[in-house]
Amino acid sequence: MTPSCSPSGPHLKPLVLHAEFQCFGFVSAKCTRRWRPRSAVTSVWATSTFSLNGKVALVTGAASGIGRATSIRLASAGARVVLLDLVDASALAGDLDGLFIECDVARDNQVFAAVQESISVFGRIDILVNNAGVAVSNELIIDDSDAAYLRSFRVNTLGAVHCIRHVTPVMNCGGSIITISSLSTLLGAPLMGAYAASKSALTAITRTSALELAPQGIRVNEIAPSVVRTAMNEANGDFVQRELAWVQSYGANPRLVEPEEVAAVVHFLASDDCQMITGQTIVVDGGLTTGPGMAFLDSLVGES
170 MTPSCSPSGP HLKPLVLHAE FQCFGFVSAK CTRRWRPRSA VTSVWATSTF
220 SLNGKVALVT GAASGIGRAT SIRLASAGAR VVLLDLVDAS ALAGDLDGLF
270 IECDVARDNQ VFAAVQESIS VFGRIDILVN NAGVAVSNEL IIDDSDAAYL
320 RSFRVNTLGA VHCIRHVTPV MNCGGSIITI SSLSTLLGAP LMGAYAASKS
370 ALTAITRTSA LELAPQGIRV NEIAPSVVRT AMNEANGDFV QRELAWVQSY
420 GANPRLVEPE EVAAVVHFLA SDDCQMITGQ TIVVDGGLTT GPGMAFLDSL
470 VGES
């Protein structure tokens, strides 16, 4: 008996496999992934080291923080990295044998040009990391401005849409898109209305893209960290001190998340070892959303 995958939708064709092959899902007419016997796939997974050799990654907001840590991590795993940012990251790109392109992801034409330049230099894009983001204001919703919301959505939400729009047509089957979201999409976030709203919209885009791009063999996931030790966060001063106090008093692991810890999860999701992970939100918060930490519970008992 010959199993088959029968996708529906434009530009798709049925994939028919011999009985000894394992079918993972649908592919598009353009998909050239070679399907391997079940035994071969098992062997690859058993010996995998999450290598990214031969892959090209495009990272937005790559000059600092999570983007910088991610660029270094992916390069150390064997990927060639394209670093996009408005801030000069050419020195880092040189250290990583990569490519820096000045780009404002809020501008669709600049993203298109950056993707075309990346293809002209490296010939392919296998990994997209939508990391660029801004925190425009820390106001109550009733006091915040339309301008703050519009700026947040243009960068945090539309910036990712622009990248997905222009990268996926040139992305190889088996590609991976990882978006950096926020814990503010899962919990209420006082004084972060514009930021949280733009990141929540990004979650919807992540899940919708995961479904729409699955026929092309492209996976889409997001990472939702709690408060990360970055220059952008530290610049917010008193506001971040509030966040840190919350983490320290309530969290199971009472400290800030380091950029390298988020980068490690990006590496995991970018690798071929995660072929059945798509449309997911991976929370990196030291157990903050799991429940109150022991220190917090002990403090309640002590107070009583």
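First residue of the sequence shown? That's 170 in the numbering used here, and the numbers climb one at a time after it. The C-beta atom is built at its ideal place from N, Cα and C for all residues, glycine as well. The model shown is predicted, which means the values in this text are computed figures rather than measured ones.
DSSP-derived helix/strand/coil call for residue i
{"i": "M445", "result": "coil"}
{"i": "L252", "result": "strand"}
{"i": "M361", "result": "coil"}
{"i": "Q191", "result": "With a pLDDT of 34 at Q191, under the threshold of 50, the predicted position of this residue should be treated as unreliable, and no value is reported."}
{"i": "G386", "result": "coil"}
{"i": "V274", "result": "coil"}
{"i": "S245", "result": "helix"}
{"i": "L457", "result": "coil"}
{"i": "N477", "result": "Nothing can be reported for residue 477: it is not among the residues displayed for the chain, which extend from 170 to 473."}
{"i": "T450", "result": "strand"}
{"i": "T354", "result": "helix"}
{"i": "V336", "result": "helix"}
{"i": "A414", "result": "helix"}
{"i": "V396", "result": "coil"}
{"i": "G344", "result": "strand"}
{"i": "S233", "result": "coil"}
{"i": "L469", "result": "helix"}
{"i": "G263", "result": "helix"}
{"i": "R424", "result": "coil"}
{"i": "A304", "result": "coil"}
{"i": "T218", "result": "coil"}
{"i": "P206", "result": "Unreliable positioning characterises P206 in this predicted model, as indicated by a pLDDT of 47, which lies under 50. The coordinate reading is nonetheless provided below. Of the three classes helix, strand and coil, the one that applies to P206 here is strand, per DSSP."}
N-terminal and C-terminal residue of the alpha helix (DSSP H) that residue i is part of
{"i": "I311", "result": "Taken as a continuous stretch (DSSP letters only), I311 belongs to no alpha helix (DSSP H), as it is neither H nor E."}
{"i": "A433", "result": "428-439"}
{"i": "D257", "result": "D257 -> no alpha helix (DSSP H), and no H or E assigned at all."}
Residues that residue i bridges to, as DSSP identifies them
{"i": "L227", "result": "V251, L297"}
{"i": "F269", "result": "L252"}
{"i": "E391", "result": "T348, T450"}
Inter-residue CB distance, residue i and residue j (contact presumed, cutoff 8 Å)
{"i": "V389", "j": "V426", "result": "At roughly 22 Å, the Cβ-Cβ gap does not stay under 8 Å, so V389 and V426 are not in contact."}
{"i": "F437", "j": "S367", "result": "Incorrect: roughly 25 Å between the Cβ atoms, too far for contact."}
{"i": "L253", "j": "V228", "result": "7 Å"}
{"i": "A246", "j": "F269", "result": "Not really, about 19 Å apart at Cβ, beyond 8 Å."}
{"i": "G302", "j": "C342", "result": "About 28 Å; that fails the 8 Å criterion."}
{"i": "V250", "j": "H331", "result": "Not a contact, Cβ separation roughly 19 Å."}
{"i": "L371", "j": "V452", "result": "Their Cβ separation, rounded to whole angstroms, is 15 Å, which puts L371 and V452 out of contact at 8 Å."}
{"i": "I392", "j": "V336", "result": "With 8 Å as the limit, I392 and V336 do not qualify as a contact, their Cβ atoms being about 18 Å apart."}
Contact test: residue i Cβ vs the ligand FMN heavy atom, cutoff 7 Å
{"i": "N222", "result": "Only the bare structure without any ligand can be found here, which leaves the ligand FMN out of the picture."}
Any 3 or more C-beta pairs closer than 8 Å across the segment 284-291 and the segment 236-244: Short answer: they don't touch.
At least 3 beta-carbon pairs within less than 8 Å: the segment 341-349 vs the segment 290-300: yes
Any 3 or more C-beta pairs closer than 8 Å across the segment 356-373 and the segment 307-321: yes
Meets three-Cβ-pair contact criterion under 8 Å: the segment 375-391 and the segment 320-327: no
The segment 454-464 / the segment 351-361 touching (three or more Cβ pairs under 8 Å): yes
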